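Working notes, beginning with the structure itself.
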Amino acid sequence: MRPLWRCRNCAAEWPCQPARLALLVEYRHDRTALLVYLGILMAEARDQLGQLNSHPAPDLTDRFLGWARARG
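Here the sequence shown stands for residues 133 to 204, numbered as in this note's numbering.
In structure tokens form, the structure reads like this:
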């Protein structure tokens, strides 16, 4: 649900756990493409959330990218 960046199904902050799983499955052969896609969405979310509030949006890096980085 934009511009709030909440899941339409569970109302949790997007990407919620089911969305993360779906994205990992969809991008299972191209983690780099997943990170690029999430980076684009993170920038959009930052802009939209910043417009909703009178102050800048919080750092969204962990929310959008931290979980998707390749595990060592």
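For each residue, glycine too, the CB sits at the ideal point set by N, CA and C. It should be emphasised that the depicted structure is a prediction, and the values quoted were computed from it without experimental measurement.
In the three-state DSSP reduction, residue 152 falls in the helix class (H, G or I). With respect to the 8 Å criterion, residue 140 and residue 180 are not classified as neighbours on the basis of their beta carbons. Here residue 146 is buried. Its C-beta has 16 or more other C-beta atoms within 10 Å.
The secondary-structure analysis by DSSP pairs residue 145 across a beta bridge with 138. Close CB contacts of residue 183 within its chain, under the 8 Å cut and outside five residues either way in sequence, are with 135 (chain order).
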